[in-house]
Structure formats: C-alpha cells, structure tokens
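First to last, the protein sequences are chains A and B.
Under the UniProt record's numbering, the residues of the first sequence are numbered 1 to 276, in order.
Under the UniProt record's numbering, the residues of the second sequence are numbered 1 to 319, in order.
Where a beta carbon is used, it is the ideal one built from N, C-alpha and C, also for glycine.
Structure, as structure tokens:
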Amino acid sequence: MITLEPPATRAQRLRWALSDTFVIAGRSYSQLRTQPGQIAAELVAPVIMTILFGYVFGSAIRLPGGGDYRNYLMPGIFMQVMALSAVAAATSVAEDMARGIIDRFRAQPIARAAVLAGRSLADLSKDWLSLATMSVCGLLIAGWRPHGTPLGTLAGFALLALFGYAMIWLGTYIGLFVKNGAQADAATFGWLFPMTFLANAFVPLEGLPGWLRAIADWNPMSAVVSAARELFGNPGSAAASWPLQHPVTAALCWSLLIIAVFAPLAVRRYRTAASR
Amino acid sequence: MIHAEGVRKRFGTTEALRGVDLDVPRGSVCGLLGPNGAGKTTMVRVLTTLLRPDGGSARVAGCDVAGDAERLRYRIGLAGQHAALDELLTGRRNLELFGRLYHLPRRTARRRAEELLDRFGLTEAANRPVRTYSGGMRRRLDLAASLIVSPPVLFMDEPTTGLDPRSRLALWDELRALVAEGTTLLLTTQYLDEADHLADRIAVMDAGRVVAAGSPSALKAKVGGDRVSIAFRDAADLAPGVEAVRGVLPGEPEIDAAERRLVVPVSDGAASLVRVAAALGAAGVGVEDLGLRRPTLDEVFLALTDAPAKEPTKEKEAA
C-alpha cells in the first residue's frame, strides 16, 4: 500500500535529514508539554541558586578588585546551569536506550545523526529558556545589571548557550554508555557539579593554593564565566593565565572543541550501541 | 524473502552466532526457537540491520543487510522484546512520530495512525499517554508501529512474553491475519506452543547454531514416533498384560515394573491402540490407564538443545 524508497538525490537526502532532526526535536517538545511540572522543577533550581548565593554568600564575600558580588555572581550561575545541561541530556538518552525506543529508530530509515541532533536542539531550547528565566530573576530579585552594550549582552548569552550546547553533546555521549537514568545522573552530575566550584564562578581565584589555581585557571568553565562577565560588563577578577586573559576566544575554542570531539563520537556510538 | 548464509557474530570472546543459515519463503512464518542465550535475538538484530554481522551474508526482501541497509529499513517492521514506544506521548502521537520518520507527509502519517489505531482497537485510548496502557495495549501499539509502512517482512522478538493468555491469543490472531495478507513473519519465541501454533517452519537454535529446522510435525517425527503407554491395575496384571501386548504389537516393549507401566513404540498410531485394547480386554487384564503418546515440541526442544528441563513434559494422550 505504501512503498517507499531511499532518497534519490543528495538534496532530498539533506532535506530528509533535516526533517528527521526536526521531527525528533518535536518529540522532545511534546514530551515537555506533557510534564510542565518537570520544566518548572528544572527552572526552580537556578532561581534558588541565585537567591542562595546572592544573599547568603553575597553578604560575606568581598571582591578583591571591588564591585558588587551579585553582579559578579550571575554569570557564574548562568554557566553552572549551562554546564549541568549535560545531566539532563545524559539522563534522557540513557532512558531511551533502556526502553528500546532507540532500536526502533535505528531500524527505521532515519538519517544517522538526526536522532541525537534533534534531541540536542530541543535541549538547547531548554537552555535558552533557563537563561531567560534566570535573567529575569537576576534582574528582579538579585539586582543583577549587565553594563555592556546590548550587542555585547546578547553575545554573552549566545556564548553561554554555545557552552551549554557543548555540554549537551558531552552528556549525550556519556548517556550512551550507562545503563539507566540514575547511572547517567551519577556519571555526569557527580563530577560536573564539583567542577563548577573549581572555577571562578562563585569566588575569585586569588586565594586558592597554586596547584588548585592552575586547574581552575584552565577549567573551561572559568573561561566561559570570564567571557560572560566581560561581555555583560560585570566585574571580574585579576587574570593570571592565558585563557582568562583572552576569555572570549578561550570560551569559544573550548566549546567548539568539545562539540567537535563529542558530537561525532556520540553519533558513532549511537549507531553501534546495543540497547539493553 | 529472508535468506541467510553462514552468519557469524562475536561479542568480545563469546561467539553469539557461529554460522547461521536460514531460509524463509515469501508469505510463510518461521519460528526461531531456542533457550535463552541461543542467539535468537542477535540473529534478529542482524537481519534488521541493528547489528553488522562479522561474517556470512544475509538478504531480506531482496536487500543485503550490509550493503543496502537503508532500502531494507523501508521493507521491514520490527517489534522487539520491549515495547519500543515513547511512554510520555499518546498512542496517536507515537504512531505519527514513527510515520513521520519514514518520511511520510504529515497528513499521510496522521491518516495511517488513525487506520492502525482503529485496526488494533486503540481508538478510545488514542489520546492517552502510553504509560497508562496495559501490557496488552502496549504490545498492540508496538505491533501497529511496526506496521506503519505495511512492510512485506515482519520481525517479532518474543512477541507474547509477559502477556496474559487472552492478549496472547488476540495477538496470535492478529499475526495470522497479517500472514494471510501476505506478510512474511519471523518470530522468536521460547514458547513451544506458540511456534507450534503459528509457524510453518521452525528453526531450533542452540549456542549460536541452527541445530534443527523443518515443519513442526517433521521435527516431532525426528525425535521419535508414537508410543502406546499402558498402566496396569495390579502387579499381577503385568505378566499377562505384556504377553497380550506382544501378541499384537511388533515393537519391543519397555517395562517399568515398579510403576506397573509398559511403553511400546508403534508405527500406525491409533490402529495399534485399538488392537492393544482388544487384546487386553480378551485376556481380562486390569488396566488403569491406556493411551497413545505423541512426542511434543517440548521433547523435541529438550532433545535438540542442552537446556535443562524446566518442567515435566506435557503428555498428549488420546485414549
């Protein structure tokens, strides 16, 4: 009754690959619509962090270079939430693998990269939603004020989202190795969350012992935070290392490098991974 | 429709498939039977392009599994061991999603989803999320999802595992209807009665090989023919009973004195039974039980594979 053939031309193949990607992204959006509670939960965490750090730590922390701590803090919290988008990506891909729906996708004539690419796009939209919520919250509650140009501020958000996208691919790759959602959570949150503190997100690095400071200086997360501070015109701290002296370049390079490594690895892993 | 030759697959140090040959003609049902770990699922995964074989070749619906995988994927449906559905989405949205991923235009995908929901009696539940479905409904939706493009070849990996008897019978009916419409079906199962009921041909797999193949009746004949089994009322009945049986049956009786039981292989089935009954009656021997015993697929299975016996074999007795 319906007889179908693979795409005849390169253009059609590309069109179908894009269509597959958007269909998969649409699936993620439909899933989100069915669980508004979860979106709310995901948005609440950054809001709590903003208030907690802004008021609890903010009352005690004095910046060495002067400046308002809450303005210093917001880019750090933005980065932390972007970094942790790896957790949600890993969890949901691991759950799909465990349920066997990935087998159905793989037995259908879908473009190779489409399933993961579609999910990553949907996750990226969630990142933008988190960024928007946090900015409103920062502006209204924490008294955050970006002092850069409008274009610079926009560039700051774009850079944060790019980093989030890189972390989504990292999380996706990890999610393809673990057995279920709980393991995926442990395999990402377990080291990413501490790593967000081993950076200049919440406290200036000046007080750290030398070896720890070297790690924090070269932590990609530090570059992202410094870059966002620079673009938002928020106070930063003294930069002693190359990545923090050129934070925008460093953050761009780190993010693109992570995507360039983990996106192809994840797609390859997806094609060969046995479901469980 | 499915043709495999010497298919091999190795996972690390375990050889999951050690040269599997399989031939399934168009419009027939092949039952892949075997204990856990025999390689049934691996074979299905190779034939549905989910795994690349390490050696050998296989063609499904005229497409090579390695060289022409993309075209092949438009010609097959697969229902795996777990219902491969999105739990959060509704039944209708699931079918539309899979339809769109076959590159059906949106409207065609929607219409096809409607048809399949109707066919599988899921129209009422169509707008509920799949996580609220019962096991039987999930299976039906999973089957519907594998039929979106009306594939000429359908693979089902242990389709009725975990279903209650009613849902199981309903699924069998559905599968029979599909085969009547011309679908070629390969199903794996651990249930011998399922293979017996559905399959035209059975391939018994064990440790990565096909150890026997043929029609269910041919396989049963392979293990042995019919036997007449007699249980005597008293120990005293045994000797005259054996005497009487020897008089009418050429086969060598196997005697179990403790159980007061006698088993004789026969070639002409029920006719032998009639002769034995007459002879025992004429000799005035007390008989507690008399029956014709046919080998079941369970016995075939146990005889052909190294699987340990899980349950005592069933006896089909025609008195």
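Classify residue i as helix, strand or coil using the three-state DSSP reduction.
i, result
"B:Gly136", "helix"
"B:His3", "strand"
"A:Ala223", "helix"
"A:Ala60", "coil"
"B:Ser57", "strand"
"residue 297 of chain A", "There is no way to answer for residue 297 of chain A, as the model of chain A reaches only from 1 to 276."
"B:Ile230", "strand"
"A:Ala250", "helix"
"B:Glu254", "strand"
"B:Arg293", "strand"
"B:Ile76", "strand"
"A:Asp127", "helix"
"B:Leu273", "helix"
"B:Arg128", "coil"
"B:Glu288", "strand"
"B:Ala307", "Interpretation of B:Ala307 is limited by its pLDDT of 46, a score under 50 that renders its predicted location unreliable; the figure taken from the coordinates is listed afterwards. Note: B:Ala307 maps to coil in three-state DSSP."
"A:Leu256", "helix"
"A:Ile39", "helix"
"B:Lys314", "At B:Lys314, the pLDDT of 38 sits below 50, so the modelled position is not reliable; the number obtained from the coordinates is stated separately. Of the three classes helix, strand and coil, the one that applies to B:Lys314 here is coil, per DSSP."
Residues of chain A with a CB under 9 angstroms from the CB of residue i: which are they?
i, result
"B:Phe86", "Reading off the sequence, residue 86 of chain B comes out as Asp, not Phe. The answer, in chain order, is Arg27, Ser30, Gln31, Asp96, Arg99 and Ile101."
"B:Gly34", "The contacting residues do not exist; B:Gly34 stays about 19 angstroms from chain A at best."
Can you name the residues of chain A whose CB is closer than 7 angstroms to the CB of residue i?
i, result
"B:Arg93", "Ser30"
"B:Val20", "Residues of chain A passing the Cβ test: none, with the nearest at roughly 18 angstroms."
"B:Gly162", "Within 7 angstroms Cβ-Cβ: nothing; B:Gly162 doesn't reach chain A, min ~13 angstroms."
Starting from residue i, find everything on chain B with Cβ-Cβ shorter than 8 angstroms and list it in chain order.
i, result
"A:Gln108", "Arg73, Phe98, Leu101 and Tyr102"
Which residues does DSSP pair with residue i in a beta bridge?
i, result
"B:Ile202", "B:Gly31 and B:Gly214"
"B:Lys9", "B:Leu17"
"B:Leu262", "B:Ile230 and B:Ile255"
"B:Phe155", "B:Leu78 and B:Leu186"
"B:Pro64", "Checking the displayed sequence, the identity of residue 64 of chain B turns out to be Asp instead of Pro. In DSSP, B:Asp64 forms a bridge with B:Arg59."
"B:Asp23", "B:His3"
"B:Arg209", "B:Asp206"
"A:Thr172", "DSSP lists no partner for A:Thr172."
"B:Thr90", "B:Pro129"
Starting from the Cα of residue i, find the closest Cα among the options and give me that residue.
i, options, result
"B:Ala270", "B:Glu259, B:Ala283, B:Val287 and B:Gly291", "B:Gly291"
"A:Trp254", "A:Ala83, A:Asp68, A:Tyr29 and A:Arg112", "A:Ala83"
"B:Pro152", "B:Tyr133, B:Tyr74 and B:Leu116", "B:Tyr74"
"A:Ala260", "A:Lys179, A:Phe202, A:Phe189 and A:Ile168", "A:Ile168"
"B:Pro240", "B:Ser167, B:Gly284, B:Leu85 and B:Asp142", "B:Gly284"
"B:Leu262", "B:Val242, B:Pro53, B:Val276 and B:Ala277", "B:Val242"
"A:Met79", "A:Met195, A:Gln12, A:Ile24 and A:Gly66", "A:Met195"
"A:Gly76", "A:Arg99, A:Val87, A:Ala228 and A:Gln12", "A:Ala228"
"B:Met156", "B:Asp289, B:Arg166, B:Thr184 and B:Ser134", "B:Thr184"
"B:Arg18", "B:Gly39, B:Cys30, B:Pro35 and B:Val29", "B:Gly39"
"A:Asp20", "A:Pro7, A:Ala111 and A:Ser241", "A:Ala111"
"A:Trp128", "A:Ile141, A:Phe157 and A:Ala17", "A:Phe157"
"B:Asp68", "B:Gly80, B:Leu85, B:Leu50 and B:Ala84", "B:Leu50"
"A:Gly138", "A:Leu265, A:Asn71 and A:Arg104", "A:Asn71"
"B:Arg293", "B:Gly99, B:Gly208 and B:Gly225", "B:Gly225"
"A:Thr272", "B:Ala61, B:Tyr102 and B:Arg45", "B:Arg45"
"B:Thr108", "B:Leu143, B:Leu72 and B:Val149", "B:Val149"
"B:Asn36", "B:Pro295, B:Glu158, B:Ala282 and B:Glu252", "B:Glu158"
"A:His147", "A:Gly236, A:Leu265, A:Ala122 and A:Ala166", "A:Gly236"
Quick one: list the residues of chain B neighbouring residue i, beta-carbon separation under 9 angstroms, in chain order.
i, result
"A:Thr34", "Leu88, Leu89, Thr90 and Pro129"
"A:Leu116", "Within 9 angstroms Cβ-Cβ: nothing; A:Leu116 doesn't reach chain B, min ~14 angstroms."
"A:Glu5", "Arg71 and Tyr74"
Along chain B, in chain order, which residues have C-beta atoms closer than 7 angstroms to that of residue i?
i, result
"A:Asp20", "Leu101"
Please report the straight-line C-alpha distance between residue i and residue j, rounded to a whole angstrom.
i, j, result
"B:Phe232", "B:Pro250", "20 angstroms"
"B:Gly247", "B:Leu78", "57 angstroms"
"B:Ala126", "A:Leu32", "19 angstroms"
"B:Leu280", "B:Val274", "10 angstroms"
"A:Pro36", "A:Val93", "20 angstroms"
"B:Thr13", "B:Ala66", "23 angstroms"
"A:Ala182", "A:Asp96", "13 angstroms"
"A:Pro209", "A:Arg119", "41 angstroms"
"A:Thr206", "A:Ala113", "At residue 206 of chain A the sequence reads Glu, which differs from the Thr that was named. Rounded to whole angstroms, A:Glu206 to A:Ala113 spans 44 angstroms at the Cα level."
"B:Arg52", "A:Val115", "20 angstroms"
"A:Ala214", "B:Leu95", "53 angstroms"
"B:Ala257", "B:Glu288", "14 angstroms"
"B:Ser217", "B:His197", "11 angstroms"
"A:Ala223", "B:Leu88", "38 angstroms"
"A:Leu256", "B:Arg168", "52 angstroms"
What in chain A is Cβ-close to residue i, meaning under 8 angstroms?
i, result
"residue 357 of chain B", "Lying before the first or after the last residue shown, residue 357 of chain B is absent from chain B, which here runs from 1 to 319."
"B:Ala113", "Per Cβ cutoff of 8 angstroms: no residues; B:Ala113 is ~13 angstroms from chain A at best."
"B:Ala145", "Arg104"
Any chance the CB of residue i is under 7 angstroms from a heavy atom of the ligand HEM?
i, result
"A:Ile48", "Because no ligand of any kind appears in the structure shown, any question about the ligand HEM cannot be addressed here."
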